[in-house]
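What follows is one structure encoded as structure tokens, with my remarks underneath.
Residue numbers (this note's numbering): 174 to 398.
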């Protein structure tokens with residue numbers, strides 16, 4: 174090959190493949206991160222570069238402990254927006270053909286979580302628009318919670334421990350009152366441990382001291398902003 178010819182090599186032979194340098198830099202950056210930071214970085218990458226934000230906003234998911242008001246607010250919001258309202262726990266019961274308590278008796282916690290994940294995947298794949306309430310413990314399953322965060326616009330419905338307890342009792346469940354002091358301590362402990370996970374939601378709606386009408390107004394403004 175002549176010198177003149179060798180001077181004019183194809184760019185594809187003399188330059189790195191497009192994006193290769195950036196990918197190496199990203200890998201080097203991730204390799205240098207301490208283990209406890211990896212989850213947060215992966216979450217931010219999914220949030221910022223995953224499914225388009227406009228697409229995610231069409232699927233709204235309310236997270237939070239039982240008694241936060243997810244069903245009341247979610248169903249009211251869905252009615253106002255003309256969207257389907259879905260309770261993930263009801264979908265789990267429908268798929269299993271038994272109640273939640275029976276699912277735990279028959280299949281245990283691990284079995285419940287498998288069905289929960291399967292139902293969530295189905296809903297995301299079949300519903301382009303919806304308002305959904307999910308169980309408070311979903312945040313404790315990293316893969317399932319990340320799936321929710323990646324494909325849905327998530328809202329943490331927050332309330333004080335006293336309000337959580339009062340609303341559960343108002344729903345007809347008097348079991349917490351049988352050991353109120355111990356139950357309240359457990360509730361506070363759960364809230365404390367899950368708060369960093371709930372804070373990963375896109376927005377937080379604090380319902381403390383508010384009636385449903387006030388909280389719905391706040392929620393409506395937040396999701397339509």
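Even for Gly, the Cβ is constructed at its ideal location relative to N, Cα and C.
Rounded Cβ spacing between residue i and residue j (contact assumed at less than 8 Å)
i           : j           : result
residue 259 : residue 371 : 20 Å between Cβ atoms; not a contact.
residue 298 : residue 238 : Their Cβ separation, rounded to whole angstroms, is 27 Å, which puts residue 298 and residue 238 out of contact at 8 Å.
residue 317 : residue 295 : No, residue 317 and residue 295 are not in contact; Cβ-Cβ is about 13 Å, not under 8 Å.
residue 331 : residue 378 : 7 Å
residue 230 : residue 326 : 4 Å
residue 396 : residue 233 : 6 Å
Sheet register partners of residue i (DSSP bridge)
i           : result
residue 331 : 379
residue 232 : 303
residue 326 : 233
Pick from the options that is closest to residue i, judged by C-alpha positions
i           : options          : result
residue 289 : 367, 397 and 307 : 307
residue 243 : 314, 328 and 269 : 328
residue 335 : 228, 240 and 390 : 240
residue 302 : 204, 227 and 203 : 227
Where residue i sits in the DSSP three-state scheme
i           : result
residue 358 : helix
residue 198 : helix
residue 225 : coil
residue 214 : helix
residue 312 : helix
residue 259 : strand
Legend entry - Segment contact, 8 Å Cβ cut-off, at least three pairs: the segment 266–286 with the segment 248–256: no
Legend entry - Meets three-Cβ-pair contact criterion under 8 Å: the segment 261–277 and the segment 203–217: no
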